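Participant: Pasting a structure here, questions to come.
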């Protein structure tokens, strides 16, 4: 047990005491925390506060079905009333006063006994584009609604950033018949996520789809109708979509005394407790220590927002007394997927620059995968059109399995059969 957990152990209530749990954030992490509390037998009051006025919804469809008009929304299929979960929507939380166990909001203070911070991440804004007509982000349901007319009218679109969201939006825009240019400041797509030898072949996907990819293209400024690059080139743009990353949405915690990391994340412990008593953090806004990888991880992906709430709920229920055991340390194998340019890309694990890279197949082919080994142990796998490699690799990573690199380099050999 960590010192942080030990210091909070004495504050746990007597068995049977009903505590009011307030969850700030009505995305996947916040909603699943509330649902997990009920599934694990918590009977006290549960309140979920969301800044948006919409019913809580799932975000991945925003860049796919919702954006293309194939679905009006992606609301969670959850009966909050039946679960006795109170939803407070359209309310911004502006501050935390831990000593008073209260949240600051424009409607007045909101008391809590236990607080769960699940405010997610917010997109990074391209400097100088605030308020510029025709510049868009894609993070919320309202963002997708504003972008749908752009696709319906088949406007010329410039996407700034060749990361995951940039590629997914470019895919949707091409499917809608738009002319698309993607600007990337680095020399390849996904430069911040994958090594050059893995990411560089993905540049061909853009050309195959009819998307123009310009690398080494730094934006100087955006004007109505065009994007001006640092080298003086001007790219016509009916609309500009910015996808240059996201940061934890934790600015509202300034002055609260809660510990934040250099990346702005709430630094949670192995059960996702924060540095403040009775306060947890989960999802895109929280980092956690990983014994598996020997470092603190900040994971901005859907699966983390789904898994973390179970640990938070289990610890809250255990803290409420009774016979419920404390949960094991939260240390998942990170996982995410992306649908882009007629390809299904999946990644599991976490790799570092010093890890050994192992190819399974030719990246010029429709399906291939890559493994990363650390001292012979499989630590990460990227699969393009090879879901079995992903599924088998994820299990091997979870088990900390050493694999035979010679057999693993043969794509005809099932990855599970390479275990030593």
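In our numbering, the protein residues as written are -6 to 413. Virtual Cβ for every residue (Gly too), placed ideally from N, Cα, C. Source: prediction; values computed, not measured.
For the pair the stretch 112 to 128 and the stretch 88 to 97, tell me if three or more CB-CB distances fall below 8 Å.
Facilitator: Too few Cβ pairs lie closer than 8 Å, so no.
Participant: For residue 308 versus residue 202, is the C-beta distance shorter than 9 Å?
Facilitator: Taking 9 Å as the Cβ cut-off, residue 308 and residue 202 do not qualify as a contacting pair.
Participant: Whole angstroms is fine: what's the gap from residue 6's alpha carbon to residue 36's?
Facilitator: Annotation note: pLDDT 44 at residue 6 (below 50); position unreliable, coordinate value reported separately. Roughly 14 Å between the two C-alpha positions.
Participant: Where does residue 162 fall in DSSP's three states?
Facilitator: It is helical.
Participant: Can you list, in chain order, the stretches of the beta strand (DSSP E) that have 3 or more residues and sit fully within the stretch 148 to 198?
Facilitator: Complete beta strand (DSSP E) runs here, min 3: 150 to 153, 173 to 177.
Participant: Return the Cβ separation of residue 324 and residue 279 in integer angstroms, given the expectation that the two are a contact with Cβ distance under 8 Å.
Facilitator: Not a contact, Cβ separation roughly 14 Å.
Participant: Would you tell me roughly how many angstroms separate the C-alpha atoms of residue 145 and residue 106, rounded to the nearest one?
Facilitator: Taking the straight line from one Cα to the other gives about 48 Å.
Participant: Taking only runs of the beta strand (DSSP E) that begin and end inside the stretch 215 to 266, which ones reach a length of at least 3 residues, in chain order?
Facilitator: If we require 3 residues or more, the beta strand (DSSP E) runs fully inside the stretch 215 to 266 come out as 219 to 222, 227 to 229, 232 to 235, 239 to 241.
Participant: Pick from 76, 204, 178, 313: whose alpha carbon is nearest that of residue 420?
Facilitator: Absent from the structure is residue 420, since the part of the chain shown begins at -6 and ends at 413.
Participant: Measure from the alpha carbon of residue 28 to the alpha carbon of each residue in 254, 72, 294, 42, then state which is nearest.
Facilitator: Checked all of 254, 72, 294, 42; the closest Cα to residue 28 is 72.
Participant: In whole angstroms, what separates the C-alpha of residue 288 from that of residue 231?
Facilitator: So the alpha carbons of these two residues sit roughly 43 Å apart.
Participant: Should the stretch 169 to 177 be called in touch with the stretch 139 to 159, which here means at least 3 C-beta pairs below 8 Å?
Facilitator: Yes, since at least three Cβ pairs between the stretch 169 to 177 and the stretch 139 to 159 fall closer than 8 Å, the two stretches touch.
Participant: Just to check my reading of the structure: residue 351 and residue 402 have Cβ atoms closer than 8 Å, yes? What is that Cβ distance to the nearest angstrom?
Facilitator: Going by Cβ atoms, the distance from residue 351 to residue 402 rounds to 6 Å, so yes, they are a contact pair.
Participant: Can you grab the Cα-Cα spacing for the pair residue 233 / residue 132, in whole Å?
Facilitator: Straight-line Cα distance between these residues: approximately 14 Å.
Participant: Could you pull out every residue in the same chain whose Cβ sits closer than 7 Å to the Cβ of residue 158, ignoring the five residues on either side in sequence?
Facilitator: The answer, listed in chain order, is 56, 131, 236.
Participant: Below 8 Å, can you find three or more Cβ-Cβ pairs linking the stretch 182 to 195 to the stretch 98 to 105?
Facilitator: Flag = no, the stretch 182 to 195 and the stretch 98 to 105 do not touch.
Participant: Per the DSSP calculation, residue 411 is bridged to which residue(s)?
Facilitator: Beta-bridge pairing links residue 411 to no other residue.
Participant: Answer yes if the stretch 42 to 56 comes into contact with the stretch 7 to 26, meaning at least three C-beta pairs across the two stretches below 8 Å, and no otherwise.
Facilitator: Contact holds: three or more Cβ-Cβ distances are below 8 Å.
Participant: Which of the three DSSP states, helix, strand or coil, is assigned to residue 78?
Facilitator: Residue 78: strand per DSSP, three-state reduction.
Participant: Pop quiz: residue 217 and residue 126 are said to be a contact at Cβ under 8 Å. What is the actual Cβ separation, rounded to whole angstroms?
Facilitator: Rounded, the Cβ-Cβ distance is 5 Å, consistent with contact.
Participant: In terms of alpha-carbon separation, which member of 205, 353, 331 lies closest to residue 186?
Facilitator: Taking only the C-alpha atoms, the option nearest residue 186 is 331.
Participant: Given residue 329, which residues of its chain have a CB within under 6 Å of its CB, disregarding the five upstream and five downstream residues?
Facilitator: Excluding positions up to five away in sequence, the list reads 294, 340.
Participant: Evaluate residue 161 with the Cβ neighbour count: other Cβ atoms within 10 Å of its Cβ, from every protein chain shown; 16 or more gives buried, anything less gives exposed.
Facilitator: Answer is buried; the Cβ neighbour count reaches 16.
Participant: Taking all protein chains shown into account, decide if residue 271 is buried (16 or more other Cβ within 10 angstroms of its Cβ) or exposed.
Facilitator: Buried: at least 16 other Cβ atoms inside 10 Å.
Participant: CA-CA distance, residue 2 and residue 312?
Facilitator: For residue 2, the predicted model reports a pLDDT of 40, less than 50, meaning its position is unreliable and no value from the coordinates is stated.
Participant: Answer with yes or no whether the minimum CB distance from residue 250 to chain D is below 9 Å.
Facilitator: Here there is only one protein chain, and chain D is not present.
Participant: Is residue 277 buried or exposed, if buried means 16 or more other CB atoms sit within 10 Å of its CB?
Facilitator: By the neighbour-count rule (16 or more Cβ atoms within 10 Å), residue 277 is buried.
Participant: Let me confirm a value: residue 76 is counted as buried when at least 16 other C-beta atoms fall within 10 Å, else exposed. Which label applies?
Facilitator: By the 10 Å Cβ count, residue 76 comes out exposed.
Participant: Under the three-state reduction of DSSP, which class applies to residue 108: helix, strand or coil?
Facilitator: DSSP places residue 108 in strand when its eight states are reduced to three.
Participant: How many angstroms separate the CA atom of residue -4 from the CA atom of residue 67?
Facilitator: Unreliable placement is indicated for residue -4, whose pLDDT of 44 sits below 50; the coordinate value is still reported in the next sentence. Answer to the nearest angstrom: the Cα atoms are 41 Å apart.
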